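See structure below.
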Amino acid sequence: MNLPPADSPYFSPAEETMPRERIEELQLELLLEMLPHAYEHAPVIRAAWEAAGVTPRDVRTVDDFRERVPFVDKDALRRFRDERGDPFGGLCAVPPAELTAVNSTSGTTGDPTLVPEQWGAGGRPAVITRDFWGMGVRPGDHVALVLFTFRGPVYGLFQGLGTVPVLFDFDPAEMPRLCELSLRYRPRALYNFGSVLVHAVRDACERRGLDPADVFSSYRAVVYAGEPLGPRARALAQEWGVELFEHTGVGDVTAAFECHAHDGLHFWEDTALVECVEPDGRTPVPDGARGELVATTLFNRVAPLVRYRSDDIVRVTRAPCRCGRTHARMWPIGRKGDEVVVQGRPVLPVDVWGAVESVDACAMGLFQVIRPGPQADRLRLRVGYAPAWDGRLGTVGDEVRAAVEAATGIVPDVELVPDAALLRLGPPHKIPRVAPR
Amino acid sequence: MTAAGAHWGVGCYEGDTGRVAWEISHDEIQREMGAAPGRLARLGVGAGSRVLFCSMLSEAGQFWPLMVGAMLAGAQLSSADANEGEAARVAMFTRRLPYDAVLGVTPALLDGLDGLRVPYRDVFGGVRVVGARPGAYERLAAAGLAPHRFVLAGPAVAIGAEPGGPAHVDEQEWRVDLDGDVVCVTNLRPRATTFERTRTAVRARLAGGGIVPSAGREP
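Chains as they are written, first to last, in our numbering: chain D, 1 to 437; chain E, 1001 to 1219.
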């Protein structure tokens, strides 16, 4: 790997700062290569296009693409899988025997879907490398990885950058070890953190008499992902001097990370064409307005998602960032399928998050919104509490109701359950924030 | 013996008093990758096979050479965490695709299947080689399956070549002996971390040149 000078703020300066016109030229070029491949080889894409009466010959410009090409979504993949008996949901565009690996999505919104992979299949820019370089990670650094394995061996990306991964399970029980090894190896970055782990670090430090500020003193970047960091956990981390960077997936196509400007999450537009459209329609929303994220891969010829409706509600801007990068940025807001309208008011999990977390017994921020359908007469919440509060649940319930009413104007029905009962609902980096019952 | 050079990473093993961090060199990972296709071939895993690895990220030092070995042998691989919450994912994999081997099954995964009320046979019945760790091995056997022993003896991976047989480490890399019933490991070739009769969490007896963990122990 050719590395830039250590004092370069960018890993790939030419790509990361290319003018907008060049980004758009490159996207069109890559798109026009990808679309015939997806149409010819990915059965679910072919079926959607045939149903819409579109072929790759009908697309010559990005405007053609936006006007004519049909959307696909996770339900379409699951339907194709179940109706056609294709385990890959019609998305695998290479002969299955040529795959290196078959991994899976997180499964937050239901049964995980299979992700076919061909390692070493060229063309994918090392996007995560750009992001971590920008955060200050350099060859020779230690990097604490706190991850699950279902996405495959992510540590290889860090070894490719010449860093030394220190490996941890994504599990609160690992946080004492994280503290101990942070003091021993003094890592430069942590990937990835979350509210539950923040509280576990605090508890570990209290038990062992450690100063969290010392534990984190070597870190230039602590990345969190999976779900928002609640205000209580964020305040704790910031009290320890931690610079937090948000990270999210971009429609199962690529990833987005905050940079030091902390003004939105960059996604790399030479890897994906991202649109932001009306959640219940196909009209693009203006930059800065809320819309649903729709993503098209520009490099993945193994599983070529085209116009994939992510269900994620975001804001997007294509204005250059203060960090000097020219690629677009996004702000995650919530999931379209998570919204429930109660007494005429739309409620997303993020709307009650801070209120739940503000109650001491519920500081881990573990809760679910019960959503039997898009509309409900009552706001029903299932909220986790710490074991120490077992004998005072009446008070805890009252506090949660009051805090949520103050935040949303709605008095909720609250079911209290032990934190452990919700943690078991994993996947490990996040729990389903919405449940049907 | 200790090797110099840049580290591949810092992993973790279960010692007899808890989890222990171990530094791992690129050289030792490369050697184990080279040996892994042969180890997997003894299980009948090779070109055209599909293998699901059940492991935690902290165990990557033990599992990564096997995963690369499977890839080098022409097999396809899948990954899931080896904890209770991932039971549904493991069940999903074997429901959707045929697997020749599932390696690293833990008691926690079986607890997860119990919680989902999914019989072990539904998940593993169609899998030719089920490599089960101590505690899971006995439960699968009791369910009428024929698992292979799969043991993380600290940093060393031991795998049974046949159902019911002892689990063997790579004898070019490791020597195994007992201190009482505690399995101890010694590295035979240079490593970033030296192991000299290092006590592990595994309680066992040695038989047929391999490890037979004590029943009911879950390191």
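Cβ atoms here follow ideal geometry from the backbone N, Cα and C, with glycine treated the same way. Computed from a predicted model, the values in this text were never measured in an experiment.
In this chain, Leu-1043/E is not harboured by any alpha helix (DSSP H), its DSSP state being neither H nor E. Short of 7 Å from the beta carbon of Trp-1008/E, and not among the five residues preceding or following it, lie these beta carbons of its own chain, in chain order: Ile-1024, Ser-1025, His-1026, Ile-1029. With contacts defined by Cβ atoms closer than 7 Å, Leu-1110/E and Ala-1082/E do not form a contacting pair. Across the segment 1042–1058 of chain E, CB contacts with chain D closer than 8 Å involve Gly-1048, Arg-1050, Phe-1053, Ser-1055, Met-1056, Leu-1057, Ser-1058, in sequence order along the chain. Judged by DSSP in its simplified three-state form, Phe-1150/E adopts strand.
Boundaries of the alpha helix (DSSP H) harbouring Cys-179/D: 175–185, taken from the DSSP string. For Ala-272/D, no alpha helix (DSSP H) encloses it; the enclosing beta strand (DSSP E) starts and ends at 272–277. Non-local C-beta neighbours of Leu-210/D in its own chain, meaning closer than 8 Å and more than five positions away in sequence, comprise Cys-179, Leu-183, Ala-204, ordered along the chain.
Looking only at Ile-313/D, Arg-177/D, Gly-251/D, the smallest Cα-Cα distance to Gly-288/D is reached by Ile-313/D. Remark: fewer than three beta-carbon pairs, one from each stretch, lie closer than 8 Å, so the segment 1170–1189 of chain E and the segment 1046–1053 of chain E are not flagged as touching.
Every beta strand (DSSP E) stretch that sits fully inside the segment 1063–1137 of chain E and reaches 3 residues is listed by chain position as 1076–1080, 1101–1105, 1129–1132. For the pair Val-359/D and Glu-399/D, the Cα-to-Cα distance works out to about 6 Å.
Among the residues facing chain D, Ser-1214/E is not included, as its CB has no counterpart in that chain under 7 Å away. Counting along the chain, Thr-1200/E sits inside the beta strand (DSSP E) bounded by residues 1198–1207. At least one beta carbon of chain D lies nearer than 7 Å to the beta carbon of Asp-1081/E.
DSSP places Val-62/D in the uninterrupted alpha helix (DSSP H) bounded by 62–68.
With respect to Glu-258/D, Glu-239/D sits apart: the two C-beta atoms are not nearer than 7 Å. Burial is judged here by how many other beta carbons sit within 10 angstroms of a residue's own beta carbon; Gln-1062/E has at least 16 and is buried. When DSSP states are grouped into helix, strand and coil, His-142/D belongs to the strand group. DSSP places Phe-216/D outside both helix and strand once states are collapsed to three, so it counts as coil. Among the bridge pairs identified by DSSP, Leu-265/D is matched with Glu-258/D, Met-330/D. Proximity of Val-285/D to chain E, defined by a Cβ-Cβ separation below 7 Å, is not satisfied.
Chain E places a beta carbon closer than 7 Å to that of Asp-169/D, counting this residue as a contact. At the C-beta level, Val-396/D and Ala-355/D stay beyond 7 Å of one another. Around the beta carbon of Glu-1086/E, 16 or more other beta carbons lie within 10 angstroms, which makes this residue buried.
Below 8 Å, too few C-beta pairs join the segment 383–397 of chain D and the segment 336–345 of chain D to call them touching: fewer than three.
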